[in-house]
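See structure below.
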Amino acid sequence: MFKLEEILNILSMLILISAFILVANKRVNSYIKTFRLQSMLLAAAAGTLGIYHMAAERKFDSAIIMCLLIILLKVIFIPGMLNRICKRVEYKVEKDFFINIPISIIICCGLAILVWYVISLIPDIKGAYEIMFLTNSISLVMIGLFFMISRKKAIGQIIGFLVIENGMFMAALLTTFGMPMIVEIGIFFDVLAAVLIMGVFVFRINESFDSIDIDKLRNLRG
Numbered sequence: 001m002f003k004l005e006e007i008l009n010i011l012s013m014l015i016l017i018s019a020f021i022l023v024a025n026k027r028v029n030s031y032i033k034t035f036r037l038q039s040m041l042l043a044a045a046a047g048t049l050g051i052y053h054m055a056a057e058r059k060f061d062s063a064i065i066m067c068l069l070i071i072l073l074k075v076i077f078i079p080g081m082l083n084r085i086c087k088r089v090e091y092k093v094e095k096d097f098f099i100n101i102p103i104s105i106i107i108c109c110g111l112a113i114l115v116w117y118v119i120s121l122i123p124d125i126k127g128a129y130e131i132m133f134l135t136n137s138i139s140l141v142m143i144g145l146f147f148m149i150s151r152k153k154a155i156g157q158i159i160g161f162l163v164i165e166n167g168m169f170m171a172a173l174l175t176t177f178g179m180p181m182i183v184e185i186g187i188f189f190d191v192l193a194a195v196l197i198m199g200v201f202v203f204r205i206n207e208s209f210d211s212i213d214i215d216k217l218r219n220l221r222g
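Each residue of the sequence shown is one higher than the one before, counting from 1 in full-length UniProt numbering.
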């Protein structure tokens, strides 16, 4: 039978792999599908943690609420909203990245190795699972940041922001084995507000330039 740490480690590795799949994608619709898959895995990690705590302590655990919030917000609502944005704006299938896919994958592998090396040098972090949890989580943040700055379309940059948030959430969840519920709810509302604001910006960019390519914003310079 798998231990809790082993299950969470497997899920964290799958979440990191989903980030590499995201970087390898070329279409905006694929970005959204991959983000949805990543969020489902994150919800599974929260749900696993909640079920384990409930079985051990025989009382309700807030990680279950966390799991449900991730499903409602990041698996259903945000991907659905981004799909509606893609349908309403004039979207053309064209190159959406500044760096080609093979080089991007190599860069992301380098980032993950660098994160692992730096974390392994920290003397206070000694446990193998702690190192893996932090490595996978911070690597996810770094890959999300790289994805955000390497995409031309505003939708891709929103996805990059959400991946960064997933990485930060995963780090907090797996290293502390849970967070206070008020903190969890506050984070989710912050993310929801940020995505709604970015969605409005996408519509405004499309109305002004008939495109969601951020290169068009260079025309605003004098």
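Quick reminder that beta carbons are idealized off the backbone N, C-alpha and C, glycines included.
Beta carbon of residue i nearer than 8 Å to that of residue j
| i | j | result |
| --- | --- | --- |
| SER104 | VAL23 | yes |
| SER137 | GLY110 | no |
| MET148 | PHE169 | no |
| ALA45 | LEU11 | yes |
| ILE125 | LEU134 | yes |
| LEU8 | LEU49 | yes |
| HIS53 | ALA43 | no |
| CYS108 | ILE155 | no |
| THR34 | ILE21 | yes |
According to DSSP, residues forming a beta bridge with residue i
| i | result |
| --- | --- |
| LYS3 | Its beta-bridge partners do not exist; DSSP assigns none. |
Three-state secondary structure (DSSP) of residue i
| i | result |
| --- | --- |
| LYS153 | strand |
| ASN166 | helix |
| ILE70 | helix |
| ARG84 | helix |
| PRO102 | helix |
| PRO123 | coil |
| LEU14 | helix |
| ASN25 | coil |
| LYS59 | coil |
| PHE147 | helix |
| PHE161 | helix |
| PHE35 | helix |
| PHE20 | helix |
| PHE177 | coil |
| ALA171 | helix |
Given residue i as reference, the closest of the options once Cα atoms are compared
| i | options | result |
| --- | --- | --- |
| LEU41 | MET13, LYS3 and LYS152 | MET13 |
| ILE159 | LEU4, PHE20 and VAL28 | VAL28 |
| LEU82 | SER30, ILE70 and ASN100 | SER30 |
| SER139 | LYS87, TRP116 and LYS26 | TRP116 |
| ARG36 | LEU121, LYS26, ILE65 and GLY80 | GLY80 |
| VAL195 | LYS153, ILE78, ALA43 and GLU6 | ILE78 |
| LEU174 | ASP190, ALA128 and LEU145 | ALA128 |
| LYS153 | PRO102, LYS26 and ASP190 | LYS26 |
| ALA172 | VAL141, LEU145, PHE60 and LYS74 | VAL141 |
| ILE101 | LEU4, ARG88, ILE65 and PHE146 | PHE146 |
| GLU165 | VAL191, THR176 and GLU6 | VAL191 |
| GLN157 | GLU5, PHE2, ILE32 and PRO123 | ILE32 |
| ASP61 | GLU6, GLY47 and ILE76 | GLY47 |
Supposed contact pair residue j and residue i - C-beta distance, whole angstroms, cut 8 Å
| i | j | result |
| --- | --- | --- |
| residue 251 | ILE131 | A question about residue 251 goes unanswered here, because the residues of the chain that appear run from 1 up to 222. |
| ILE85 | SER39 | Actually they are not in contact, since the Cβ atoms of ILE85 and SER39 sit about 17 Å apart, beyond 8 Å. |
| ILE99 | SER150 | 5 Å |
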